[in-house]
Every structure is written in structure tokens, then in C-alpha cells.
């Protein structure tokens, strides 16, 4: 079975702090894809990153960085120097070869306080 | 470039009424997905199409739900008759090809009274 677990239901930090959102996934497939999406208060789902299972390189995009570790089945997301505009619900998702659907975690609600 | 377009953005209806949600995918995208988001179940796939053909509808809750894609630029999700437990946000998403990133529309917030 495929499953994504985001154990942190809610996180609250003060602006400029660094924050890491955890994502642990389960799959028996050797080929799979991992995603992060952001859902701001306005409700839309915004794509942030896609990673395939053969690419374990970490990625940095501005204040955002992602750490993919197959050994621990984790795909964690770090925001450096957080800003109030980062406040949103963040979803980690998984899709497998042979199945197009995205399996989403339950999401982590991140609140950045000024 | 225009993203995925959904209409209406909000729908309030009474139990028993027919509801039709609409979606226009990103031009050139071969895959179209319908998801539902609820507090209890989170985000779950209802159905997806490839080149206008339904491929997997195993997530459709029951016969009251139906989806069509008459052409590459338009899809509908219909609920008939609607029930209060259908209240949710319904998202449409599209992707260029298999296993590529799915881009989501703004969603339709449905409330069935």
C-alpha cells in the first residue's frame, strides 16, 4: 500500500525562524515521484517541487530547500528565514509508476507569526 | 499562460438538486484529474482521464457521481442527487503527460444544505 505521513499537524513559529516540515512515505515500488504543494488561506493548491525516486540530490530554491533520503523514506521541506507569507497548509504527495493518482499526506498547517 | 480553470468557484444548493462542476485544463495537457478535499478524508482522487478517456474511476464515491470529458478542453463532474455529505472542495488538475506534475485549479467549494 502507498501512504504519506505528515506527523506534524500544526507548526507555529516566529518570523525569521527556520522551520522543517517532515514527510515520510511508504511504497513498494522502486520508481515513484514525490511532491510538495502549498495551500494558502485562499485555498488553491500551488505546486512547489517534484522529485523522482532516482534523484536523491537535495534541492534549494531561494529560502526553500528539500532533503530526500531514500534510506529513511523521507522527503523533508525546510523554509529558511520564514516570512508571514509562508503561512499555509503544506502537503506532501506521492505517485507511483503505473498509477497516476497523487496520494496526499494529511498536511501540516504552518503559521508564521510576526 | 492560463492555468486550470474551474467554475463555479462557490456553489450552494439544496439536498436532492443536481450539481455540475466544470473544468478547463491547461492547453496541451493530456491528463485531467478530479480530486475532492474534506476535513475527514483529506485530498482524494475521484477520477482521471487520459486523452479524454476515463482511466480510473475507482475513487468515485457512488453512482450519484459521474464525470465526462467530451473534448480536450472541457470536463464536468456531476452529482445527482446531491447530499449534505457531498459538501467539500472539488479540485480539477491537469498534467502534460504521465507522471508529470499535476497543476491544480482554484477549486469549487460546494455546500449542500
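Residue numbers (my numbering), protein chains in the order written: chain A, 771 to 884; chain B, 6 to 118. Positions of the beta carbon are idealized from the N, C-alpha and C atoms, including for glycine. Nothing here was measured: the structure is a model prediction, and the numbers come from that model.
Any idea if residue 16 of chain B is buried or exposed, counting beta-carbon neighbours within 10 angstroms, 16 or more meaning buried? Taking the first residue of the second chain as position 1, residue 16 of chain B is located at position 11. In this structure residue 16 of chain B is buried. Its beta-carbon is surrounded by 16 or more other beta-carbon atoms within 10 angstroms.
For residue 66 of chain B, would you say it is in contact with chain D, using Cβ-to-Cβ distances shorter than 8 Å as the test? Absent here is chain D; the protein component of the structure consists of chains A and B.
Listing by chain order, which chain B residues have their CB less than 9 Å from the CB of residue 870 of chain A? By 1-based counting over the first chain, the position of residue 870 of chain A is 100. Per Cβ cutoff of 9 Å: 36, 38, 50, 53, 55, 60, 61, 100, 103, 104, 107.
Going by the DSSP bridge assignment, what does residue 93 of chain B pair with across the sheet? Your numbering for residue 93 of chain B matches position 88 in the second chain. Partner(s): B:115.
Chain B residues whose Cβ lies nearer than 9 Å to that of residue 880 of chain A: On the first chain, position 110 is the one that residue 880 of chain A refers to. What residue 880 of chain A touches in chain B: nothing, since even the nearest Cβ is about 17 Å away.
Inter-residue Cα distance where the pair is residue 10 of chain B and residue 883 of chain A: Within the second chain, the letter at position 5 stands for residue 10 of chain B. Within the first chain, the letter at position 113 stands for residue 883 of chain A. Those two C-alpha atoms are separated by around 32 Å.
Along chain B, which residues have their Cβ under 8 Å away from the Cβ of residue 876 of chain A? Position 106 of the first chain, counting from 1, holds the residue named residue 876 of chain A. Against chain B, the beta carbon of residue 876 of chain A has neighbours under 8 Å at 47, listed in chain order.
Residue 834 of chain A and residue 821 of chain A: beta carbons closer than 8 Å? What you label residue 834 of chain A is simply residue 64 of the first chain in a count that begins at 1. What you label residue 821 of chain A is simply residue 51 of the first chain in a count that begins at 1. In this structure, residue 821 of chain A does not lie closer than 8 Å to residue 834 of chain A by Cβ.
Boundaries of the beta strand (DSSP E) in which residue 24 of chain B is found, first to last residue: The sequence position of residue 24 of chain B within the second chain is 19, counting from 1. Run containing residue 24 of chain B: 24 to 29, per the beta strand (DSSP E) assignment.
By a C-beta neighbour count over all protein chains shown, 10 Å radius and 16 as the cutoff for buried, is residue 824 of chain A buried or exposed? Here residue 824 of chain A refers to the residue found at position 54 of the first chain. With fewer than 16 other beta carbons inside 10 angstroms of its own, residue 824 of chain A counts as exposed.
Quick one, which of B:41, B:23, B:60 has its alpha-carbon nearest residue 66 of chain B's? On the second chain, position 61 is the one that residue 66 of chain B refers to. Per the Cα distances, B:41.
Whether residue 116 of chain B touches residue 95 of chain B by CB criterion (8 Å): Counting from one through the second chain, the residue named residue 116 of chain B turns up at place 111. Counting from one through the second chain, the residue named residue 95 of chain B turns up at place 90. Inclusion of residue 116 of chain B and residue 95 of chain B in the CB contact set at 8 Å is not warranted, their separation being larger than that value.
Hey, how far is the Cα of residue 56 of chain B from the Cα of residue 102 of chain B? As a position in the second chain, residue 56 of chain B is number 51, starting the count at 1. As a position in the second chain, residue 102 of chain B is number 97, starting the count at 1. Looking at the two C-alpha atoms, the distance is approximately 10 Å.
Examine chain A for any beta-carbon lying closer than 8 Å to the beta-carbon of residue 75 of chain B, and answer yes or no. On the second chain, residue 75 of chain B is found 70 positions in, with the first residue counted as 1. Taking Cβ atoms only, chain A never reaches closer than 8 Å to residue 75 of chain B, which makes this a no.
Around the C-beta of residue 68 of chain B, are 16 or more other C-beta atoms found within 10 angstroms, so that it is buried, or is it exposed? The sequence position of residue 68 of chain B within the second chain is 63, counting from 1. In the assembly as shown, residue 68 of chain B is an exposed residue. Its beta-carbon has fewer than 16 other beta-carbons within 10 Å.
Quick one: list the residues of chain B neighbouring residue 820 of chain A, beta-carbon separation under 7 Å, in chain order. Counting from one through the first chain, the residue named residue 820 of chain A turns up at place 50. Correct list: 106.
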